[in-house]
Amino acid sequence: MNPPIELFTFQGSLFGWRVQLALAINNFDYVCNYLDPVKGEHKALDYVALNPRGKVPLLKHGEFFVRESIAILVYLDSLYPEWQLFGNTSQ
Ligand SMILES: N[C@@H](CCC(=O)N[C@@H](CS)C(=O)NCC(=O)O)C(=O)O
Numbered sequence: 098m099n100p101p102i103e104l105f106t107f108q109g110s111l112f113g114w115r116v117q118l119a120l121a122i123n124n125f126d127y128v129c130n131y132l133d134p135v136k137g138e139h140k141a142l143d144y145v146a147l148n149p150r151g152k153v154p155l156l157k158h159g160e161f162f163v164r165e166s167i168a169i170l171v172y173l174d175s176l177y178p179e180w181q182l183f184g185n186t187s188q
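Numbered by the working numbering, the letters in the sequence shown go through residues 98 to 188 in order.
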């Protein structure tokens with residue numbers, strides 16, 4: 098996958114797991130950056146520059162950023178029409 102998918106999350110983040118599960122189900126290659134919430138790494142200036150909400154998960158795909166877990170799943174669906182977590186129909 099070019100550019101690579103990068104995920105920023107915490108160890109044990111339920112919202113991060115949601116995204117990691119979706120990535121794992123389809124064997125997506127991605128780089129996982131674990132931030133340490135105890136050290137406040139999600140509030141550090143370099144991270145807040147990427148995600149002004151100061152939260153995880155954050156998906157970076159090239160210069161495109163998605164900052165909410167469900168939105169990330171929808172974005173992944175849009176990248177891979179052959180893989181549809183949400184499906185294409187109402188059934
Ligand atoms: N609705 C957001 C929730 C994200 C969220 O609350 N993440 C938590 C970790 S599970 C977080 O970043 N907490 C740190 C903070 O709020 O300072 C999503 O689904 O992505």
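The beta carbon of each residue, even a glycine, is placed where N, CA and C say it ideally should be.
Computed from a predicted model, the values in this text were never measured in an experiment.
Distances from the CB of H158 to the heavy atoms of ligand 1 are all 7 Å or more. Using a cutoff of 7 Å, the CB of V135 does not count as near ligand 1, since none of the ligand's heavy atoms is closer than that.
DSSP places F125 in the coil class of the three-state scheme, outside both helix and strand.
For P100, same chain residues with a beta-carbon under 7 Å away, outside a window of 5 residues either side, are H158, G159 in chain order. Under the three-state reduction of DSSP output, V116 falls in the helix class.
The beta carbon of P154 sits closer than 7 Å to those of L104, F105, T106, S110, F112, G113, V116, S166, I169, all from its chain and outside the five residues before and after it, given in chain order. Remark: the C-beta of E165 is in contact range of ligand 1, defined as less than 7 Å to any heavy atom. With at least 16 other beta carbons inside 10 angstroms of its own, Y144 counts as buried. Of the heavy atoms belonging to ligand 1, none sits nearer than 7 Å to the Cβ of V171.
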